[in-house]
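Participant: Before I ask anything, here is the structure I am working with.
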Amino acid sequence: MSSSPSHLVLEYLTQFHEFSQTRTFLSIALANHCLIVSNTVLRNLTSKRARSQIGLLAGFLLCIIGGYGGAILTGLIKGNGALGTFLFGNDMWLIYMFVAWVLVLFAPFNLVHLLTGNALVQLPAMLLEGYFVSGFLMGGVTDGYKSYPNSHLAPILFGTIAATGGLIVQPAFINAYLGGIKLMKSLVSEPSFGLYVPFVLSVIHYLSSCLKVLPERVELPFHSPHIPIDSLSVETLIQIAFVAHFGFIWFLFNVMPMVGSRPKRRLAEIAKVDLPDSKQKQVPGSPASLKHRSTKSKKNKRKAH
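Numbering (the UniProt record's numbering), first residue to last: 1 to 305.
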């Protein structure tokens, strides 16, 4: 007798949950996280500078700030060596980021960028990133509760910062590296949903896992003999919500820009990447600068005639 589709889905989800607890999954998720961060840093820097002008060590430090900005901020707030314990207690976090940055920067034929720029590759990568970052959020809430048991705000803020810290502090460092050019916008300013979703999920996790005000499991609104489960844990729901959150971000980047130029401009601001503009400073020798130069020379010839 063949299993029903719902049983198969549940079986696959159970296997995925078991696999997500292994070191192999952690390695895959961490590598995916580091590649996304490294590719984002390179995309922002090359929009203003040639690839050959980007320093290996400087870019690596920017990747650390972007990839582990949440841990850096919470570590600085806590003090007591918390930041050093995270960054240097296990070199795996730094090694993965360095290897990812080297691959993104020196891969022949810009291979990594071509692969990560494919929408079909981006979707599973973003969904996996959402699942991975949800662990940062829940870990931040728990850490804040243990460090400051008398504070209700600390766990919530720690969870929010742990999930979004990189996009809060990284823009300042990238803009400073580019000589004060305002290229990236902090997540504090926009987009608002990118900050509110982690905040709301941090509140839910705090009320459920720490204060026990909310139930740790939520019953499903429907019951079916084909589905052998009747409830889900709050942690599982937070993971699902974060995966959906990152899937929505992928939808904004890859589907909404097809609607028209105005949404495309808005999404470029959300992506922290400026669209090509004639008033921007072009990189010498780049196709954009050559095109701008040829257009300018044609205008001068017309004026001369």
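Even glycine gets a Cβ: it sits at the ideal position worked out from N, Cα and C. All values reported here derive from a predicted model rather than from experimental measurement.
Check each candidate in I238, S202, V200, V203 and name the one with the smallest Cα separation from R217.
Facilitator: Taking the sequence shown and counting its residues from 1, the one referred to as residue 217 is at position 217. It is I238 whose Cα lies nearest to the Cα of R217.
Participant: On the three-state DSSP scale, how would you describe S38?
Facilitator: Walking along the sequence shown from the start, residue 38 turns up at place 38. Residue state, collapsed to three classes: helix.
Participant: E216 by DSSP, collapsed to three states: which one?
Facilitator: As a position in the sequence shown, residue 216 is number 216, starting the count at 1. Coil, per DSSP.
Participant: Give me whichever residues DSSP pairs with L128 in a beta bridge.
Facilitator: Here residue 128 is taken as the residue at index 128 of the sequence shown, counted from 1. Answer by DSSP bridge pairing: none, since L128 is not bridged.
Participant: Would you say the region 161-178 touches the region 96-110, given that touching needs at least three Cβ pairs under 8 Å?
Facilitator: Too few Cβ pairs lie closer than 8 Å, so no.
Participant: In whole angstroms, give me the CA-to-CA distance for Y206 and P155.
Facilitator: Here residue 206 is taken as the residue at index 206 of the sequence shown, counted from 1. Here residue 155 is taken as the residue at index 155 of the sequence shown, counted from 1. Their backbone Cα atoms lie some 7 Å apart in a straight line.
Participant: According to the Cβ coordinates, are T164 and G70 closer than 9 Å?
Facilitator: Locating residue 164 in the sequence shown gives position 164, counting from the first residue. Locating residue 70 in the sequence shown gives position 70, counting from the first residue. Their beta carbons are under 9 Å apart, which means T164 touches G70 by this criterion.
Participant: My output table needs one value for Q282: the three-state DSSP class, helix, strand or coil.
Facilitator: For the purposes of this step, residue 282 is taken as the residue at position 282 of the sequence shown. Because the pLDDT at Q282 is just 47, under 50, the model does not fix this residue reliably, and the value given afterwards should be weighed accordingly. Coil.
Participant: Buried or exposed for M138, going by 16 or more other Cβ atoms inside 10 Å?
Facilitator: Residue mapping note: residue 138 aligns to position 138 of the sequence shown, counting from 1. With 16 or more other Cβ atoms within 10 Å, it is buried.
Participant: Compute the distance between the beta-carbons of A116 and I36, then report whether it is under 9 Å.
Facilitator: Counting from one through the sequence shown, the residue named residue 116 turns up at place 116. Counting from one through the sequence shown, the residue named residue 36 turns up at place 36. Note that residue 116 is Thr in the sequence shown here, rather than Ala. Yes, these two residues count as a Cβ contact at 9 Å.
Participant: Just to confirm, are residue 363 and L73 a CB contact at a threshold of 9 Å?
Facilitator: Lying before the first or after the last residue shown, residue 363 is absent from the chain, which here runs from 1 to 305.
Participant: Taking contact to mean 3 or more Cβ pairs, one atom from each stretch, closer than 8 Å, check whether the region 46-58 and the region 120-140 are in contact.
Facilitator: Touching, no, given that fewer than three Cβ pairs across the two stretches are closer than 8 Å.
Participant: What do you get for P171, buried or exposed, if any count of 16 or more other CB atoms within 10 angstroms of its CB means buried?
Facilitator: Locating residue 171 in the sequence shown gives position 171, counting from the first residue. With 16 or more other Cβ atoms within 10 Å, it is buried.
Participant: By DSSP's criteria, S208 is part of a beta bridge. Which residues make up the other side?
Facilitator: Position 208 of the sequence shown, counted from the first residue, corresponds to residue 208. BP columns for S208 are empty, so no partner.
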